[in-house]
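K.L.:
Below you'll find the structure I mean.
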Amino acid sequence: MVRQLSLDQFENESRRMIPTNNDLSYPAKKFTRQKSPQGLHKKIISTLLKPRNWKAPANRRFFLDSYEVGELCYAAEQIFMQEPTVLQLKAPVKVFGDLHGQFGDLMRLFDEYGFPSTAGDITYIDYLFLGDYVDRGQHSLETITLLLALKIEYPDNVHLIRGNHEAADINALFGFRIECIERMGENDGIWAWTRFNQLFNYLPLAALIEKKIICMHGGIGRSIHSVEQIEKLERPITMDAGSIVLMDLLWSDPTENDSIEGLRPNARGPGLVTFGPDRVTDFCKKNKLQLIIRAHECVMDGFERFAQGQLITLFSATNYCGTANNAGAILVVGRGLVVVPKLIHPLPPPLQSPETSPERYVEDKWMQELNIQRPPTPTRGRPQPDHDRSSLAYI
Amino acid sequence: MTGKKGRVRWDEDNLGEIESNKPVRQKITEPKTPYHPMIDDDGSVSPRRSHFDDCVDQHAEAIQSALNNVGYEEGSSSEKMGPESGDWASSEDEADAMGPYYEDSETDSSGMSFREQRKAHYDEFLKVRELRQKGSLIEDEDDDDAEMDKDDSLQDSSSSLSAGVKDIEIEEGRPNGAGKP
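Protein chains in written order, with full-length UniProt numbering: chain A, 1 to 395; chain B, 1 to 181.
Rendered as structure tokens:
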């Protein structure tokens with residue numbers, strides 16, 4: 001069931017240059033190499049997979065060097081290369097939304113609802129992550145390296161797809177590059193950051209669960225009418241390749257609520273769109289699907305339904321950016337395709353955390369106190385006051 | 001029965017449990033803030049929308065270009081786009097019919113709804129585009145200049161940022177472990 005990937009076959013390959021236009025040279029081996037490449041992902045898992053006990057390290061120096069990052073990326077890349085662009089998964093699956101470097105939340109979700117290990121529940125349930133592993137939070141490196149290590153350890157049971165932040169243009173500006181440099185030194189940091197972004201071009205772009213539920217990071221936008229269009233995208237693929245399908249897949253959003261149909265411009269930027277519930281219905285009908293699970297937008301309750309429950313937005317980072325005070329959620333898709341959201345609520349911030357530093361406070365004041373002011377989210381089927389059309393969950 | 005097998009369904013008990021365990025939220029009792037951004041007939045955004053000053057031009061532009069770009073299937077919905085297209089905060093046609101004073105239960109004391117604030121936060125695409133146009137990441141972008149002028153272009157053959165990534169010189173031999181902190 002759970003197959004351990006043997007890295008023996010990679011031993012010779014791992015010294016090879018990564019084939020790019022510019023000949024990204026491989027770093028020279030350190031003199032005192034303690035562990036062979038085969039053990040690297042295991043070392044990462046044993047260091048980082050601490051659902052109950054992980055604490056943000058006071059010393060920000062990352063425990064991997066760029067050589068190890070290279071090994072990790074290479075091994076993961078080999079796996080992603082073999083996978084189709086649209087993954088074919090079976091229930092039961094646990095689905096995670098945006099994490100954005102909030103490694104503590106990943107640990108909490110693992111602690112509360114099960115973690116991917118033979119000592120946990122990986123033999124019973126698969127794990128699917130919908131992208132946006134890096135940027136914004138303080139522990140992008142832990143988040144991405146652990147997930148890659150888990151992918152290597154459980155290649156058939158742990159699944160990663162791409163988010164819009166898995167792109168150099170974006171993660172150069174929104175925290176990942178800075179974190180790599182801060183925590184690995186400038187040379188190692190830039191090298192590692194570059195290497196991760198090369199890997200990201202290989203990430204699958206969507207997943208189908210039992211051919212009935214489709215999962216992608218953003219949405220279906222204006223251009224996506226069939227699953228085949230996604231399947232046809234060849235990887236590696238860069239975000240600037242000019243693919244509208246890719247842009248829609250990773251960047252589009254549903255419209256503000258179910259009363260807004262069709263296509264509208266998306267405030268995120270020119271050329272991006274929001275798609276209405278009619279688009280969702282048409283797409284699902286045409287492709288014989290029952291549900292779209294996507295992430296990409298912070299939502300107060302960690303999950304939010306749209307189009308009469310045919311689409312769910314999922315967001316796993318609590319108290320996003322330290323100020324949103326939102327819950328984080330995962331979705332457990334059971335064997336009969338029963339969908340069960342599981343939530344974690346934001347913890348009160350510690351006194352001296354970076355998230356509550358004065359600079360952050362001033363910048364992100366906008367999200368404070370929203371949970372106090374926001375009315376309860378009505379769920380499907382509950383009676384609603386007629387005027388309460390501003391709630392997204394109004395159905 | 002194969003049609004019935006594997007139908008997506010909701011665990012109502014779990015949903016009920018989540019709903020009942022929600023923290024109590026304070027209802028706002030102060031008068032509603034009549035914040036209703038008006039769009040002038042010529043499509044420019046009212047200066048009252050001071051929160052979005054830095055991206056007002058981009059939004060007006062974005063609306064125009066997106067309107068031109070997006071292929072609407074129904075003609076009627078595109079005709080409705082005009083007065084409302086830039087009105088990100090107000091999401092209901094019904095609310096517009098009621099005039100500037102509509103019920104918005106997600107407004108905080110500063111008049112910014114969760115939606116508006118979230119929208120302001122998700123500015124990654126615009127920031128990247130801005131930097132591309134300024135060419136701030138790499139010095140050499142002769143090839144890209146012609147393409148950069150198109151605001152609505154998704155066909156940029158290579159962005160300055162990712163081109164910068166590809167062109168980074170990686171020296172042979174990794175720096176030794178005692179790197180710069």
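For glycine and all other residues, C-beta sits at the position ideal for the given N, C-alpha and C.
This structure is a prediction, so every number in the text was calculated from the model and none was measured.
Just the chain A side, please: which residues come within less than 7 Å of B/Gly-6 by C-beta, in chain order?
P.N.:
Translated into positions along the second sequence, residue 6 of chain B becomes position 6. In chain order: Glu-210, Lys-212, Gly-336 and Leu-337.
K.L.:
With a cut-off of 9 Å, does the C-beta of B/Lys-134 fall near any C-beta of chain A?
P.N.:
By 1-based counting over the second sequence, the position of residue 134 of chain B is 134. Cβ-Cβ to chain A under 9 Å: no for B/Lys-134.
K.L.:
Considering A/Thr-313, what are the terminal residues of the beta strand (DSSP E) in which it resides?
P.N.:
Taking the first residue of the first sequence as position 1, residue 313 of chain A is located at position 313. Note, A/Thr-313: beta strand (DSSP E), 311–314.
K.L.:
Given that A/Cys-298 touches chain B, what residues does it touch there, using C-beta distances under 7 Å?
P.N.:
As a working note, residue 298 of chain A is residue 298 in the first sequence. Chain B residues near A/Cys-298: Arg-118.
K.L.:
Quick check on DSSP: helix, strand or coil for A/Trp-251?
P.N.:
Taking the first residue of the first sequence as 1, we reach residue 251 of chain A at position 251. Here A/Trp-251 sits in helix by DSSP.
K.L.:
Measuring CA to CA, which of A/Ile-237, A/Tyr-124 and A/Ile-312 is closest to A/Val-93?
P.N.:
The sequence position of residue 93 of chain A within the first sequence is 93, counting from 1. It is A/Tyr-124.
K.L.:
Applying a beta-carbon distance threshold of less than 9 Å, which residues of chain B neighbour A/Phe-174?
P.N.:
Working through the first sequence from its first residue, we reach residue 174 of chain A at position 174. Those are Glu-124 and Lys-127, listed as they occur along chain B.
K.L.:
Can you pull the chain B neighbours of A/Pro-341, defined as C-beta to C-beta under 8 Å?
P.N.:
By 1-based counting over the first sequence, the position of residue 341 of chain A is 341. Ordered by position in chain B, the residues that pass the 8 Å Cβ test against A/Pro-341 are Asn-14, Leu-15 and Ile-18.
K.L.:
Taking CB distances under 9 Å as the criterion, tell me whether A/Asp-301 reaches chain B.
P.N.:
Mapped onto the first sequence, residue 301 of chain A falls at position 301. Output row for A/Asp-301: interface = yes.
K.L.:
Which residues bound the beta strand (DSSP E) around A/Arg-305?
P.N.:
The residue labelled residue 305 of chain A in the question sits at position 305 within the first sequence. Per DSSP, A/Arg-305 belongs to the beta strand (DSSP E) from 303–306.
K.L.:
Within 8 Å: the Cβ of B/Tyr-122 and any heavy atom of the ligand HEM?
P.N.:
The model depicted lacks the ligand HEM and carries no ligand whatsoever.
K.L.:
How would you list, in chain order, the residues of chain B whose beta-carbon sits under 8 Å from the beta-carbon of A/Gln-290?
P.N.:
Counted from its first residue, the first sequence places residue 290 of chain A at position 290. Near A/Gln-290 (Cβ distances below 8 Å), the residues of chain B are Arg-7 and Val-8.
K.L.:
Would the segment 103–117 of chain A and the segment 229–245 of chain A be scored as touching if the rule is three or more Cβ pairs under 8 Å?
P.N.:
No, because fewer than three Cβ pairs between the segment 103–117 of chain A and the segment 229–245 of chain A fall closer than 8 Å, the two stretches do not touch.
K.L.:
Can you tell me whether A/His-131 is buried or exposed, with buried defined as 16 or more other CB within 10 angstroms of its CB?
P.N.:
Along the first sequence, read from residue 1 onward, the residue named residue 131 of chain A stands at position 131. The sequence given here places Gly at residue 131 of chain A; His does not occur at that position. Its Cβ being crowded by 16 or more others within 10 Å, A/Gly-131 is buried.
K.L.:
Is it true that the segment 94–113 of chain A meets the segment 128–146 of chain A, where meeting means three or more beta-carbon pairs spaced less than 8 Å apart?
P.N.:
With the cut-off at 8 Å, the segment 94–113 of chain A and the segment 128–146 of chain A touch.
K.L.:
Take A/Gly-322 as the anchor and find which of A/Leu-99, A/Ile-44 and A/Gly-70 has the nearest alpha-carbon.
P.N.:
Here the question's residue 322 of chain A lines up with position 322 in the first sequence. Ranking the options by Cα distance to A/Gly-322, first place goes to A/Leu-99.
K.L.:
Should B/Arg-129 go down as buried or exposed, given a rule of 16 or more other Cβ atoms within 10 Å for buried?
P.N.:
As a working mapping, residue 129 of chain B is identified with position 129 in the second sequence. B/Arg-129 should be labelled buried.
K.L.:
Measuring CB to CB, does A/Thr-255 end up less than 9 Å from A/Phe-283?
P.N.:
Here residue 255 of chain A refers to the residue found at position 255 when the first sequence is read from its first residue. Here residue 283 of chain A refers to the residue found at position 283 when the first sequence is read from its first residue. Not in contact: A/Thr-255 and A/Phe-283 (Cβ atoms no closer than 9 Å).
K.L.:
Should A/Ile-214 and A/Ile-312 be called a contact, given that it needs their Cβ atoms to be closer than 9 Å?
P.N.:
Here residue 214 of chain A is taken as the residue at index 214 of the first sequence, counted from 1. Here residue 312 of chain A is taken as the residue at index 312 of the first sequence, counted from 1. Taking 9 Å as the Cβ cut-off, A/Ile-214 and A/Ile-312 do not qualify as a contacting pair.
K.L.:
Work out the CA separation of B/Arg-132 and A/Glu-68 for me, nearest whole Å.
P.N.:
Walking along the first sequence from the start, residue 68 of chain A turns up at place 68. Walking along the second sequence from the start, residue 132 of chain B turns up at place 132. About 32 Å.
K.L.:
So A/Ile-122 and A/Asn-157 are supposed to be a Cβ contact under 8 Å. How far apart are they, rounded?
P.N.:
For the purposes of this step, residue 122 of chain A is taken as the residue at position 122 of the first sequence. For the purposes of this step, residue 157 of chain A is taken as the residue at position 157 of the first sequence. About 5 Å separates the two Cβ atoms, so the contact holds.
K.L.:
Below 8 Å, can you find three or more Cβ-Cβ pairs linking the segment 183–195 of chain A to the segment 256–268 of chain A?
P.N.:
The answer is no - the segment 256–268 of chain A does not touch the segment 183–195 of chain A, with fewer than three Cβ pairs under 8 Å.
K.L.:
Would you say residue 407 of chain A faces chain B, with C-beta separation under 9 Å as the test?
P.N.:
The first residue shown for chain A is 1 and the last is 395, placing residue 407 of chain A beyond what the model contains.
K.L.:
Which residue wins for smallest C-alpha separation from A/Asp-258, given the options A/Pro-277, A/Met-247, A/Ile-244 and A/Gln-78?
P.N.:
As a first step, residue 258 of chain A is located in the first sequence; it is residue number 258 there, counting from the start. Closest by alpha carbon: A/Pro-277.
K.L.:
Using 10 angstroms around the beta-carbon of A/Glu-71, count the other beta-carbons present and answer buried if the total reaches 16, otherwise exposed.
P.N.:
In the first sequence, residue 71 of chain A corresponds to position 71, counting from 1. Flag for A/Glu-71 reads buried.
K.L.:
With 16 other CB atoms within 10 Å as the buried threshold, where does A/Val-163 fall?
P.N.:
Reading the first sequence from its first residue, position 163 is the one you call residue 163 of chain A. This sequence places Gly at residue 163 of chain A; Val is not what is there. When all chains shown are included, A/Gly-163 counts as buried.
K.L.:
By the DSSP assignment, the alpha helix (DSSP H) with A/Pro-277 in it spans what residues?
P.N.:
As a working note, residue 277 of chain A is residue 277 in the first sequence. Run containing A/Pro-277: 277–286, per the alpha helix (DSSP H) assignment.
K.L.:
Suppose you measure from the CA of B/Gly-16 to the CA of A/Gly-185; what does that come to, to the nearest Å?
P.N.:
Position 16 of the second sequence, counted from the start, is the residue given in the question as residue 16 of chain B. Position 185 of the first sequence, counted from the start, is the residue given in the question as residue 185 of chain A. Taking the straight line joining both Cα atoms gives about 49 Å.
K.L.:
Near A/Thr-281, which residues of its chain fall below 7 Å by C-beta distance, leaving aside the five closest residues on each side in sequence?
P.N.:
Locating residue 281 of chain A in the first sequence gives position 281, where the first residue counts as 1. The answer, listed in chain order, is Ala-307 and Gln-310.
K.L.:
Taking all protein chains shown into account, do 16 or more other C-beta atoms lie within 10 angstroms of the C-beta of A/Arg-52, making it buried, or fewer, making it exposed?
P.N.:
Taking the first residue of the first sequence as position 1, residue 52 of chain A is located at position 52. That one is exposed.
K.L.:
Within 10 Å of its beta-carbon, does B/Glu-12 have 16 or more other beta-carbons around it, so buried, or fewer, so exposed?
P.N.:
Within the second sequence, residue 12 of chain B is the residue found at index 12, counting from 1. Exposed, because fewer than 16 other Cβ atoms sit within 10 Å of the Cβ of B/Glu-12.
K.L.:
Is it right to say A/Ser-316 is buried, meaning 16 or more other beta carbons lie within 10 angstroms of its own, or is it exposed?
P.N.:
Here residue 316 of chain A refers to the residue found at position 316 when the first sequence is read from its first residue. A/Ser-316 comes out buried.
K.L.:
Determine the DSSP secondary structure at B/Arg-118, reduced to helix, strand or coil.
P.N.:
For this step, residue 118 of chain B is matched to residue 118 along the second sequence. Of the three classes helix, strand and coil, the one that applies to B/Arg-118 here is helix, per DSSP.
K.L.:
For a contact defined as C-beta to C-beta under 8 Å, what are the partners of A/Arg-235 on chain B?
P.N.:
Indexing the first sequence from 1 puts residue 235 of chain A at position 235. Neighbours of A/Arg-235 on chain B: none; closest Cβ ~15 Å, over 8 Å.
K.L.:
Sort A/Leu-148, A/Leu-208, A/Glu-142 and A/Ala-206 by Cα distance to A/Glu-179 and report the nearest one.
P.N.:
The residue you call residue 179 of chain A lines up with position 179 of the first sequence. When only C-alpha atoms are compared, the closest one is A/Glu-142.
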